[in-house]
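Reviewing the structure listed below.
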Amino acid sequence: MRIFLGLLLSLFIVQHGHSQLLTGIIKDATDQPLAGVTVYFLNTSNGTNTDQNGAFVLIRKNNETQLVIAYTGFRSDTLSIPKDQNFLKLQLNEGTSLNEVVIQSKRESTSFSLLNPLNVESISSEEFKKAACCSLAESFQTGNTIDISYSNAVSGSKEIVFLGLRGLYSQLLFENYRFFNGIMTSQGFDYIPGTWLDNINILKGASTSIYGAQSMTGAINVGLKKPDKDHRVFTNLFADYHGRLEFNQHFNKSWTARKHSGVYLHLSSHRGNRDHNNDGFQDDARTKKIAVMQRNTIYGRRFEGQINVYGLHEEKNGGQITVPALYKFNQKNTHLQLFGNLGYIGFSNPDRNSGSIWEASISKIDAFFGESKNKFAANEFRFNSQLFYSEIFSEGKHKITFGPNLTINIAKEKASEFISDTIAYKEITPSIFFDYDLALGSIENTELKKFMLTISQRVDYINSSKLLYIPRISARYNLNSKWTLRSSIGYGYRLPRVYSDNMNLFFINYKRTKLNIPSYESSINYGLNIVGKPILANKELDINLDAYHTIFQNQLVTDVEDQDHNNYIVKYYNVIGNSSTTSLGLTMSYPVFSSINLKIGGKYIDSKTGFIHGQKKTPLIPTWRAMSTLDFNSKNKKWTANLTGQYVGKMRLNNKPNNLPLNEKRYSEDYYLIQCALNYILVNWEFYAGCENLTNYTQHHAIYSVNEPLNERFNATEVYAPINGIKPYIGLRYKFK
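In our numbering, the protein residues as written are 28 to 764.
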């Protein structure tokens, strides 16, 4: 209330001496207040940030007329403000405005912040249009941070690789809720439809532990479309050359100015029967999938909250297309999740905040591989609840956040045929966390702190038997207004699922044996980050350099190389010695012309695993990768286009038994992939087309013993490149506001 009174009074303030008040409100394109926008006068230390209502107040001197507006994800813009103007109403959008002042700023599809004390890479919805992007996993195809790997040559499943490690070691969050943990961890990135995505924040390194200690390499926090900000009606249709069809439908309703609801539907079908490499197996499994989410948000005067429900069912059928088909594959996945939050905003002190988040889910997997006797089944119930309180002291110099957390996991895995085994999990984990933030100094404006430190501490009592202390520290130092240096170090752990985490190994007919299984996996991650935004030829060049190292003390190792007298065996055991991964990545982005942007990147990964037979390079992780993208945006905002190229370096392949009939290679080939996308907007309609794998590069002989799929030598897991060839696609989107 005081802010709005200040805004009204400022209209009538008579200037005294050499200063006056400049006040204003900043909103986004949907007329929602924007909090956290940096506002300051050019070449001065006179600045501030907008509050939760989008409002700001500045004391202005007579000679200060150039006002800079800076917001993460947008390029900074400068406005010329007349000396006699003391109130502004601004709307920050991508080129048009209905209000008094127009701020034309091109939204960056990928951005790196100079301000955040944590190393966060933000991806906006604009980036998702540069690829088919039918799921969260596919949304990373045009970036340099997260890579896509191929799980096997039968199911068509994909996984992500983050800082050189499997996606298992990063934490997936939906707006800070834990999602697809437990038995669904290795598959969850493929179960979030692309049209539901609003933004993605990639947190690199083990920094804060507020939302759990499972973020051993970092966290991927997904922002979903919200009913009060999404289009009232949204429709998306998609089809590709390989027989994949998708339908997405959003319905949103605002009951009042404070109550909103939305329903989001995703239907997907893959009916293709392609065998591009002529090995007798389908390139992709035939798939049917349905996902539904219902969202409800309430914005009260003292409380804000939401309640959401998500449901998924998927069925896959694959294997041989020959007659008779000796090898068949079938898998059914079901997941149901209820999640929500409640926050209290009624404090008289606006620097105080409290709230809660909670989620409960059930998951089920039923599958068979090869013969119907080779089965796998898993189910899990999960519950997580967390309370938190935060407060800012000394005008932003100190901030604390703390609270309790309770997690309950009850799961069972059952495998048969090559191993007859049942594993039951009952994990009740009470926790408490405490984060402390320190901000010191300033550079060109009072809100751009020169030094920020985050100390994160968490204590988990896992399996009702072991107390784990999880310390983490992150620091950010602004060298100047254009360069930022960050560092972090932290401990993390996760509770593995022996078979669900490694479902790709069911596509091997080897016998299986468990040796020393760790009760939890643990690691230390530390790293450095440098972000620069220097001016080159009057344009901003974005530079991001990451260097991270992860060392495991405990890790569940799956070993297909330690063969006893030419017997084919998969061994599960705790890491011998230690495993470690070093990841070095560089990304640069530059607007070559007003309508053309160039992004290039590369990375080096040195990943080693401690096997029984010694430490070796981790199989199927390339040492070198590189990428480049060229983006085009027409001046009238109707046409956008993207061309992306990727280089994937050589990977170490698993050693094979001596009696394997083929003369096996030790390393894969390196290769290049190219994809393109084109979008055209016509009023409420958007038409798009594109093509993946323009080079038509595929891996041949991806399955060992392909002609004898039921013998012990069969192995369909050593996939390092696409199985499919060139893949054109088309689609359309309809948006009704």
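Glycine included, C-beta positions come from ideal geometry on N, C-alpha and C.
Which of helix, strand or coil DSSP assigns to residue i
i    : result
T212 : coil
D614 : The sequence shown places Thr at residue 614, rather than the Asp named in the question. T614 falls in the strand class under three-state DSSP.
Y724 : coil
S236 : coil
Y463 : strand
E398 : strand
L195 : helix
M320 : strand
M243 : coil
F534 : helix
D569 : strand
D267 : strand
K116 : strand
E422 : helix
D448 : strand
K764 : coil
S383 : strand
Nearest-angstrom Cα separation, counted from residue j out to residue i
i    : j    : result
T169 : L613 : 14 Å
I173 : I187 : 7 Å
Y595 : F741 : 10 Å
D697 : I108 : 55 Å
L117 : E165 : 35 Å
G752 : Y724 : 6 Å
A312 : V602 : 33 Å
R379 : E273 : 44 Å
K133 : L119 : Note that K133 scores 48 on pLDDT, short of 50, meaning its location in the model is unreliable and no value can be drawn from it.
F308 : H727 : 12 Å
A438 : R328 : 41 Å
L721 : D267 : 14 Å
D573 : N208 : 27 Å
S655 : M243 : 28 Å
I750 : A180 : 7 Å
K156 : I150 : 11 Å
S421 : I53  : 25 Å
K477 : A466 : 8 Å
K252 : Q321 : 11 Å
V336 : N80  : 29 Å
Assumed close pair residue i, residue j - CB separation to whole angstroms, cut-off 8 Å
i    : j    : result
G239 : R205 : 6 Å
I632 : T608 : 7 Å
F415 : A387 : 19 Å between Cβ atoms; not a contact.
T71  : Y98  : 19 Å between Cβ atoms; not a contact.
Where the beta strand (DSSP E) through residue i begins and ends
i    : result
S634 : 623-638
N226 : 224-231
Q358 : 355-371
T77  : Neither: T77 is in no beta strand (DSSP E) and is coded neither H nor E.
M678 : First-last for M678: undefined, no H or E at that position.
S550 : 548-559
G289 : 286-297
G583 : It should be noted that the sequence gives Leu, not Gly, for residue 583. Note, L583: beta strand (DSSP E), 583-586.
P220 : Run containing P220: none; DSSP gives neither H nor E here.
S729 : Here the sequence assigns Ala to residue 729, which means Ser is not the residue at that position. Careful: A729 lies outside any beta strand (DSSP E) and carries neither H nor E.
E165 : It is not in any beta strand (DSSP E) - E165 carries neither H nor E in the DSSP assignment.
A282 : Per the sequence presented here, residue 282 reads as Trp, with Ala not at that position. Neither: W282 is in no beta strand (DSSP E) and is coded neither H nor E.
L61  : L61 -> no beta strand (DSSP E), and no H or E assigned at all.
Y747 : Run containing Y747: none; DSSP gives neither H nor E here.
T650 : That residue, T650, is in no beta strand (DSSP E); it is neither H nor E in DSSP.
A312 : First-last for A312: undefined, no H or E at that position.
R87  : 82-88
C718 : 712-719
P498 : 493-507
Segment limits, alpha helix (DSSP H) that includes residue i
i    : result
E154 : 152-155
Own chain partners of residue i with C-beta closer than 7 Å, once the 5 adjacent residues on each side are dropped
i    : result
I384 : N203, Y204, N368, Q413
Close-in-space but distant-in-sequence residues of the same chain around residue i (CB under 6 Å, 5 per side omitted)
i    : result
S549 : Y520, Q580, N581
Y547 : Y520, L522
S381 : Y371, Y416
F261 : H277, K762
I570 : G559, M615
I5   : The question about residue 5 has no answer, for the chain in this structure spans 28 to 764.
I482 : Y463, I500
N263 : T222, N275, R760
Own chain residues within Cβ distance below 8 Å of residue i, not counting five before or after
i    : result
L737 : L353, Y354, G397, E398, N536
N300 : G270, Q309, R313, I348
P561 : K509, W510, E567, L568, I570
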